[in-house]
Amino acid sequence: MPARDLVRRDRRAIQERMLRIGCVKYLNALPLIRGWPGEVDFDHPSALCQRVAIGELDVALVSSFEFLRNPLYRIVDDVSISSDGPVYSVVLAHCGELSDIQEIELDPASQTSINLLRCLLAELGMNPQLESATKTFGAGVGSPPQDGFAVANLPTPHSGQLLIGDQAIAFRQRHAGEFQFWDLGEQWKNLTGLPFVYALWLIRPEVVDAKSVAQRLRALRDENLTNLDDLVSDSVAGGVEQDSRSMTEFLTQYYSEHLRFSFGEAEKQGLEHFAHLCVRHCVLPRRDRTFTLV
């Protein structure tokens, strides 16, 4: 390799190690972060949104709602955590008729999921009381199922629970025959015919060489999805409680069927429509939200 190329490679490696990067701490994020050469600060979406907003982080994989709320960021093009139908890990757990629900306990970790639920319920003409659950945040990507928030009360005929991420996976598998699960990804697809975007890589405007960072993140995604078996093995090693064989089968399906990791035209239309519904239902003010892609 020519000396000039070696210098460029070394410079890029140093920049990656110095970059303050944050990532959501769920299993669904592993295809987008596994193998990143520098340090990564794993946290819940709401905490990461606050930190990237005040400049504590340069780059973060965070809730798409953070961009809609504060569209100053550059978006890494062609990368997201999305679904085009049932997502499995963003659900409203309930028993009885959905129309009988009077109160919903929310997982406070993700404003995207909370506001997606608000919009879906509003479109159905439903207006139950929404209550934030107690935070019990822990540490580590793919952490055990108790990490997330405490489900204070199981669903009743008049109450439900919004569950997201690893917490939702664990709850569904423990209580599969006890409750119904209203999958928000599936409901969004039924309503709009579009994919739903849960998370994006956002880069703060002052970050130098954002295009290079974006290219590396796209390459990392491609590498992980190409080596899905290795990715699943890592996920099983640090994931929710379940025997390894069934967990391997589940995660293979989860990564390849329930989740999408692109941010193409359909995903962009889905995000724009989410913004439209957030404005319609007074979740967000009307303003320009032009995508700045890198």
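So this note's numbering is basically just the index in the sequence shown, starting at one, shifted up by 1361. Glycine included, C-beta positions come from ideal geometry on N, C-alpha and C. Note that the coordinates shown come from a computational prediction; the quantities given were computed from them, not determined experimentally.
CB-CB under 6 Å to residue i, same chain, minus the five flanking residues each way: which ones, in chain order?
i: Cys1480; result: Leu1638, His1642
i: Val1568; result: Asp1419
i: Ser1504; result: A caution first: Ser1504 carries a pLDDT of 39, below 50, which makes its placement in the model too unreliable to give a value.
i: Trp1562; result: Leu1422, Val1437, Val1440, Leu1578
i: Lys1550; result: Gly1446
i: Phe1498; result: Per-residue confidence for Phe1498 stands at a pLDDT of 33, beneath the threshold of 50, marking its modelled position as unreliable; no derived number is given.
i: Ser1493; result: Leu1467, Pro1469
i: Phe1426; result: Gln1472, Thr1473, Asn1476
i: Asp1591; result: none
i: Arg1606; result: none
Going by beta-carbon coordinates alone, are residue i and residue j separated by less than 8 Å?
i: Ala1560; j: Ile1462; result: no
i: Phe1557; j: Phe1635; result: yes
i: Arg1533; j: Val1413; result: no
i: Ser1596; j: Ile1525; result: no
i: His1619; j: Val1448; result: yes
i: Val1437; j: Val1593; result: no
i: Ala1470; j: Pro1516; result: no
i: Ser1407; j: Glu1466; result: no
i: Tyr1657; j: Pro1392; result: A question about residue 1657 goes unanswered here, because the residues of the chain that appear run from 1362 up to 1655.
i: Asn1585; j: Arg1435; result: no
i: Thr1609; j: Leu1589; result: no
i: Gln1490; j: Cys1410; result: no
Kindly list the residues whose CB is nearer than 8 Å to the CB of residue i, restricted to its own chain and excluding five residues on each side of it in sequence; keep chain order.
i: Ala1390; result: Cys1384, Leu1422, Ile1442, Val1502, Ala1560
i: Glu1626; result: none
Out of the options, point me to the one whose CA is closest to residue i's CA.
i: Val1451; options: Asn1476, Asp1649, Gln1490, Val1569; result: Asn1476
i: Leu1632; options: Arg1565, Glu1610, Leu1555; result: Leu1555
i: Met1487; options: Leu1388, Glu1464, Arg1579; result: Glu1464
i: Thr1651; options: Leu1409, Arg1430, Gly1396, Ala1408; result: Arg1430
i: Leu1485; options: Leu1491, Asp1468, Glu1492, Leu1459; result: Leu1459
i: Glu1539; options: Ile1415, Ala1494, Pro1518, Glu1492; result: Pro1518
i: Lys1629; options: Phe1428, Gly1416, Glu1417; result: Phe1428
i: Thr1653; options: Leu1482, Lys1572, Phe1611, Ala1483; result: Lys1572
i: Asp1649; options: Arg1606, Ser1605, Pro1432; result: Pro1432
i: Ala1483; options: Leu1552, Leu1388, Gln1576, Asp1570; result: Leu1552
i: Asp1604; options: Ser1424, Arg1535, Leu1478; result: Arg1535
Would you please state the rounded distance, in angstroms, between the beta carbons of residue i and residue j? I believe it to be under 8 Å.
i: Ser1444; j: Arg1582; result: Not confirmed; about 16 Å, so no contact.
i: Glu1547; j: Gly1446; result: 6 Å
i: Asp1468; j: Leu1523; result: 5 Å
i: Ile1644; j: Leu1380; result: According to the sequence displayed, residue 1644 carries Val and not Ile. About 31 Å; that fails the 8 Å criterion.
Using C-beta distances below 7 Å, list every residue in its chain close to residue i, excluding the 5 sequence neighbours before and after it, in chain order.
i: Arg1647; result: Val1640
i: Trp1543; result: Val1452, Leu1453, His1455, Leu1459
i: Gly1416; result: Arg1565
i: Val1368; result: Reliability of the predicted coordinates at Val1368 is poor, the pLDDT of 37 falling under 50, and the value obtained from them is presented with this limitation in mind. Once the five neighbours on either side are set aside, Val1368 has no close Cβ partner at all.
i: Gln1541; result: His1455, Cys1456
i: Leu1478; result: Leu1453, Leu1523, Leu1545
Entirely enclosed beta strand (DSSP E) segments - the stretch 1401-1458, minimum 3 residues: Taken in chain order, the complete beta strand (DSSP E) segments of 3 residues or longer contained in the stretch 1401-1458 are 1401-1404, 1420-1424, 1435-1444, 1451-1455.
Sequence ranges, beta strand (DSSP E) only - wholly within the stretch 1606-1651, length at least 3: Considered as a whole, the stretch 1606-1651 harbours no complete run of any beta strand (DSSP E) with no fewer than 3 residues.
Runs of alpha helix (DSSP H) wholly within the stretch 1501-1570 (minimum 4 residues, chain order): Every alpha helix (DSSP H) stretch that sits fully inside the stretch 1501-1570 and reaches 4 residues is listed by chain position as 1526-1535, 1545-1553.
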